[in-house]
Amino acid sequence: ISGTGGIRDPHILRGEDEKSFYLVATDMSTAKNGWGHNPGIVMLKSTNLTDWKHAFVDLEKRYPSKFKNVQWVWAPQTIYDPAVGKYLVYFTVKFKDDAKLDFYSAYSNPDFSGFENEPTLMFSPKYGAIDGDIIYKDGTYHFFFKGNTKDEKGKEFANGIRQATAKTLAGPWEEDFNYLDAYSAKKIVVEGSSVFKLNNTSTYVLMYDLYTSHRYEFQRSEDLYNFTTTPESFTKNFYPRHGSVIGITWEEAQRLNDKWGGAPEILLKKP
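Each residue of the sequence shown is one higher than the one before, starting from 3 at the first, in the numbering used here.
Spelled out as structure tokens, the structure:
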């Protein structure tokens with residue numbers, strides 16, 4: 003379903019109609035092509051979580067005037083923009099002649115097979131960033147990402163999960179240079195943060211990938227500004243990397259289990 007023969011960094015979003023699902027991922031095969039170059043993303047849409055229509059967008063080929071020199075297009079995600087009634091897809095871009103990593107975005111077309119227009123610069127963190135993840139709460143958009151800090155010579159000396167905030171998805175974004183994850187001060191690297199709200203509570207979970215340790219951990223927050231300082235782990239029977247979390251209904255769990263199996267028993271018990 004990809005242009006390169008591989009995908010990674012999957013992000014899934016439940017649509018505003020509660021019945022549609024939008025999935026985007028990095029179009030990249032490191033086993034086949036290494037890390038040198040990947041110019042696009044994969045876009046998928048479903049109405050049942052089991053059958054998907056897919057397309058891939060190669061920015062280098064589709065928008066050559068602006069992206070002919072693109073090196074990486076990484077970790078796309080989707081969010082609904084109520085200001086315009088459309089789905090915004092955003093991702094990290096790096097060009098071959100520039101070390102900076104910035105976030106670009108574009109609104110999807112109606113069938114979620116491409117963009118309405120050429121992607122434009124969305125947010126340019128001071129020192130560059132990857133793995134953007136946006137969530138809305140109480141009139142504010144919180145843009146979480148893996149950022150870093152550099153000295154006057156441009157040498158990185160710290161990195162971890164940070165955030166920027168804005169009142170609209172169009173910005174402007176106010177960047178906070180404090181690190182939120184519990185590992186930054188310990189010089190233990192994390193990436194792939196994803197924030198989601200626990201059902202029937204006021205608690206949000208900030209999970210992230212300790213990619214050199216091959217495990218996920220998380221911290222909690224009530225306001226998305228202040229997080230618990232002690233990371234927690236969770237029980238799982240697989241080893242996810244940079245991904246995302248949504249809630250599903252009992253009927254959806256049944257449907258997924260009928261097609262692929264593997265759903266935990268607790269999800270298969272009718273409420």
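The C-beta atom is built at its ideal place from N, Cα and C for all residues, glycine as well.
- Taking 8 Å as the cut-off, the beta carbon of V207 is found no closer than this to the beta carbon of I163.
- For K98, there is no enclosing alpha helix (DSSP H), since its DSSP letter is neither H nor E.
- Of the residues S246, P266, V247 and G245, the one whose Cα lies closest to the Cα of A255 is P266.
- In this structure, F147 is the residue among K55, E154 and F147 with its C-alpha nearest to the C-alpha of D178.
- Distance between N259 and K157, taken at the CA atoms: about 49 Å.
- Listed in chain order, the alpha helix (DSSP H) elements of length 4 or more contained wholly in the segment 231 to 263 are 252 to 262.
- If the five residues before and after K55 are omitted, its C-beta is found closer than 6 Å to the C-beta atoms of K47, all from its own chain and listed in chain order.
- A Cβ-Cβ distance of about 13 Å is found for the pair H144 and Q79, leaving them out of contact under the 8 Å criterion.
- Taken in chain order, the complete beta strand (DSSP E) segments of 3 or more residues contained in the segment 22 to 50 are 23 to 29 and 42 to 48.
- The shortest C-alpha to C-alpha distance from S204 to any of D140, A33 and A160 is the one to D140.
- Measuring C-alpha to C-alpha distances from M45 to each of W262, I9, T52 and K34 identifies I9 as the nearest.
- By DSSP's assignment, N150 forms a beta bridge with N161.
- DSSP lists K88 as the bridge partner or partners of D83.
- Sixteen is the threshold: when 16 or more other Cβ atoms of the shown chains lie within 10 Å of the Cβ of D29, as they do, the residue is buried.
- Between T6 and N50, the gap from beta carbon to beta carbon reaches 8 Å or more.
- Assignment of P78 by DSSP, reduced to helix, strand and coil, places it in the strand class.
- Where I268 is concerned, the enclosing alpha helix (DSSP H) starts and stops at E267 to L270.
- Here F125 is buried, its C-beta having at least 16 other C-beta atoms within 10 Å.
- If you draw a straight line from the Cα of D211 to the Cα of E219, it comes to about 7 Å.
- DSSP places E193 in the uninterrupted beta strand (DSSP E) bounded by E193 to K199.
- Secondary-structure assignment with DSSP links Y206 through a beta bridge to K199 and S223.
- Separation of Y89 and W262 (C-alpha to C-alpha, rounded to the nearest whole angstrom) is 29 Å.
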